[in-house]
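Here is the structure we will look at.
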Amino acid sequence: MSNYLNKPTYDISKFRSAFPFASDRSHIQFLILKDSINIIDSDYPKSKLDGFVKIIQNKYGKIDPVNGLCERWFNEEYQSYYSESKHSAHKFWLFIYDVIPYVYPNGKRVNSFAILCRELGIDGFSDDKCEGWIHPSEKCQTVFFKSNIFKNQFMLEPKNNDILASKGGYTDNQIIKMLSQHRLDPIKDIDKIIPHLSNEKIKNYIIKSISDIDSDGISKLLKYSKEPEKVMNVLGDKGRELISKLDSSSIYDLLQYSKEPEKVMNILGDKGREFISKLNYYGIYSLLEYSSEPKKVKEILRKYGHDV
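Counting in the numbering used here, the sequence shown runs from 60 upward without gaps.
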């Protein structure tokens with residue numbers, strides 16, 4: 060958050076772009092943390108991280124792969140194969156992901172990351188410099204493992220909330236005006252715009268706006284929409300072409316944050332089914348842990364043979 064606190068914005072579109080997966084909310088909620096909590100941020104001391112690794116080694120070191128990971132950490136040889144680390148806190152975040160399949164084998168505890176962190180006395184992780192090391196698609200993010208670490212909370216709601224109206228009710232002229240003022244985003248607000256595509260001016264504006272869309276763009280369009288099949292109708296042949304080019308990372312991100320993952324699976328077809336069938340323990344755990352719709356994702360995983 061430090062990057063944004065030093066450069067305040069009064070533009071709702073810029074604010075929403077910093078927090079893309081909360082963009083439909085009509086309020087901002089502030090949580091005031093207790094003074095005594097233990098949150099690992101980007102500048103967390105390496106010596107304290109070493110202490111957590113020592114606790115893991117003492118408790119689970121009889122498991123050979125766990126002991127090996129700990130020894131590599133202490134010898135400055137550890138590097139996760141998931142990704143390169145930006146700093147010690149990020150490296151420790153990845154280290155836990157490497158440890159949990161051995162501590163909790165066979166995927167029996169899908170919330171095992173949080174369980175292990177609570178055992179260590181860690182209350183959460185904070186990507187306080189907005190570097191994307193917790194999740195690259197939402198660079199400003201904090202993950203908490205307990206619900207009793209807040210001493211206060213309050214909520215702010217905008218005085219004029221027409222941009223965030225949940226069920227539309229706009230005229231074509233209002234939609235045109237909001238698009239021209241950049242108060243509606245052709246990607247994030249696609250569901251508000253779709254009912255107005257019979258208007259040629261709106262339709263042409265949207266088609267022009269998404270004419271140079273790439274695979275990342277179509278992934279965002281589909282995951283923001285509750286009616287992804289209608290989005291595909293708008294995109295036509297180009298949409299189908301882009302779907303065929305989605306890589307595993309894009310499909311993972313799309314299913315993780317989609318409001319309608321079953322509909323997305325229907326759109327992905329064989330590509331989606333192949334992706335699901337090849338998921339390993341880490342992929343299944345992470346998909347469920349951070350999914351916007353974990354119950355729906357769990358049904359998809361079960362449908363394609365995963366025991367979750």
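Note that the Cβ used here is the ideal one computed from N, Cα and C, for glycine as well.
request  = Buried or exposed for Q240, please, with buried defined as at least 16 other CB atoms from any protein chain shown within 10 angstroms of its CB.
outcome  = exposed
key: Span of the beta strand (DSSP E) around G183   = G183 to S185
ask   = What are the start and end residues of each continuous alpha helix (DSSP H) run of 4 or more residues lying completely inside the segment 275-337, in chain order?
value = 287-294, 296-303, 307-316, 320-327 and 329-336
message = Less than 8 Å between C-beta atoms, sequence neighbours within five positions excluded: which residues of the same chain meet that for S139?
response = K150, L153, F154, Y156 and D157
ask   = Going by other Cβ atoms of all chains shown within 10 Å of its Cβ, with 16 needed for buried, is K304 buried or exposed?
value = exposed
task = Check the C-beta distance from I269 over to P254 and give it rounded, since I have them as a contact under 8 Å.
result = At roughly 17 Å, the Cβ-Cβ gap does not stay under 8 Å, so I269 and P254 are not in contact.
key: Per DSSP, cross-strand counterpart(s) of L92   = F209
inquiry  = Which of the three DSSP states is assigned to N62 in this structure?
reply    = Bear in mind that the predicted position of N62 carries a pLDDT of just 49, short of 50, making it unreliable; the figure below should be weighed with that in mind. N62 falls in the helix class under three-state DSSP.
request  = Kindly examine the ligand MN and report whether one of its heavy atoms sits closer than 7 Å to the Cβ of I261.
outcome  = The ligand MN is absent from the structure shown, which contains no ligand whatsoever.
query = Would you report the Cα separation of S336 and G364, rounded to the nearest angstrom?
reply = 7 Å
ask   = If you compare alpha carbons, which of E259, V202, P164 and M291 is closest to I181?
value = V202
ask   = Does DSSP put F111 in a helix, in a strand, or in coil?
value = helix
key: Reference R299; option with closest CA among Y316, L314 and L281   = L281
query = Quick one, which of S278, S257, Y344 and Q315 has its alpha-carbon nearest K247's?
reply = S278
Same chain only: Cβ atoms within 6 Å of L108, ignoring 5 sequence neighbours per side = S147 and F151
ask   = Can the beta-carbon of D329 be found less than 8 Å from the beta-carbon of K285?
value = no
message = Taking 8 Å as the cut-off, does the segment 170-178 touch the segment 337-351 (at least 3 CB pairs, one atom from each stretch)?
response = yes
task = Tell whether a beta-carbon distance below 8 Å holds between K355 and E321.
result = yes
query = Would you say the segment 90-107 touches the segment 128-144, given that touching needs at least three Cβ pairs under 8 Å?
reply = no
message = So, for K260: in the same chain, excluding its five sequence neighbours on each side, which residues have a beta-carbon less than 7 Å away from its beta-carbon?
response = I235
message = Here's a check: name, in chain order, each residue in its chain whose Cβ is nearer than 6 Å to the Cβ of G331, leaving out the five neighbours to either side.
response = M324
task = Confirm, please, whether the CB-CB distance from L327 to I302 is below 8 Å.
result = yes
request  = Given a cut-off of 8 Å, decide if I91 and F209 are closer than it, judged by their beta-carbon atoms.
outcome  = yes
query = H194 to N207, Cα distance in whole Å?
reply = 24 Å
key: Boundaries (first-last residue) of the alpha helix (DSSP H) holding F203   = No alpha helix (DSSP H) holds F203; the beta strand (DSSP E) holding it covers T201 to F203.
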